[in-house]
């Protein structure tokens, strides 16, 4: 959630924002969505995930991990000007394509050769076992919950949000960093994030709903009438309030 991946508190945005209401604007966007789902359903991490999949037995040549974090890492790594220039699934296309290039599945030259081709080659029918695995994943998913909750904080505690350096990907919005909030709810389990982002999350941990006042986040520029902002945050992003603060 770097600059281009969150808009909270940013000034000077065009008014009104023109939000696209169609799920898919062009037909190819449905295909890129399907590719992403297939990659999720064939990801290596499913072999040790819940509910547990026999992923090693699936006859696929895709032998890497692909999670929502992978998709978001590609978007967050974009130049901010490019990020705001492209539509939603155009960002997906760029991130997925770069992943396949980086991991040796296809070269940039091969992709370039297909640009402008009016009748591109179509892959033949795949293995039924691959289809079954992806469909099974769609039906059962992959729960991030790993245990009951073991929270360090209680409802009503005031907490300080960390300002940990962000690597390629983070789940901590920039406008919450170094701000003070109040714990309003603790979710019932410890939740993993499937990958380690380098800023504290990855292993299973509690998740909290933290309340912030507009004045805490935006000071005297906070708009009147707003009562509170609530954010779901991993425990690694919370610190206790020191007594001398």
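In my numbering, the protein residues as written are 7 to 251.
Using N, Cα and C, we set each Cβ at its ideal position, and we do this for glycine too.
Keep in mind it's a predicted model, so treat the numbers as computed, not measured.
Query: Start-to-end residues for the alpha helix (DSSP H) that takes in residue 80; Result: 74 to 82
Query: The region 213 to 229 touching the region 185 to 205, judged by at least three CB pairs closer than 8 Å; Result: yes
Query: Option nearest residue 107 by Cα separation, candidates 80, 241, 125; Result: 80
Query: Through-space distance from residue 157 to residue 140, alpha-carbon basis; Result: 34 Å
Query: Cβ shell of residue 235 (< 6 Å), same chain only, five flanking positions each side left out; Result: 218
Query: The region 199 to 212 contacting the region 65 to 75, beta-carbon criterion three pairs below 8 Å; Result: yes
Query: Three or more C-beta pairs below 8 Å linking the region 169 to 180 and the region 127 to 136; Result: no
Query: Residue 210, buried or exposed, once every other Cβ within 10 Å from all chains shown has been counted against 16; Result: buried
Query: Closest by C-alpha distance to residue 42, when choosing among 68, 115, 245; Result: 68
Query: Same chain, Cβ closer than 6 Å to residue 49, five either side skipped, listed in chain order; Result: 71, 72
Query: Candidates 243, 143, 24, of which the one nearest residue 204 by Cα; Result: 243
Query: Runs of alpha helix (DSSP H) wholly within the region 28 to 55 (minimum 4 residues, chain order); Result: 33 to 47
Query: Start-to-end residues for the beta strand (DSSP E) that takes in residue 217; Result: 211 to 218
Query: DSSP beta-bridge partners of residue 236; Result: 217
Query: N- and C-terminal bounds of the alpha helix (DSSP H) containing residue 141; Result: 134 to 146
Query: Runs of alpha helix (DSSP H) wholly within the region 96 to 180 (minimum 4 residues, chain order); Result: 114 to 120, 134 to 146
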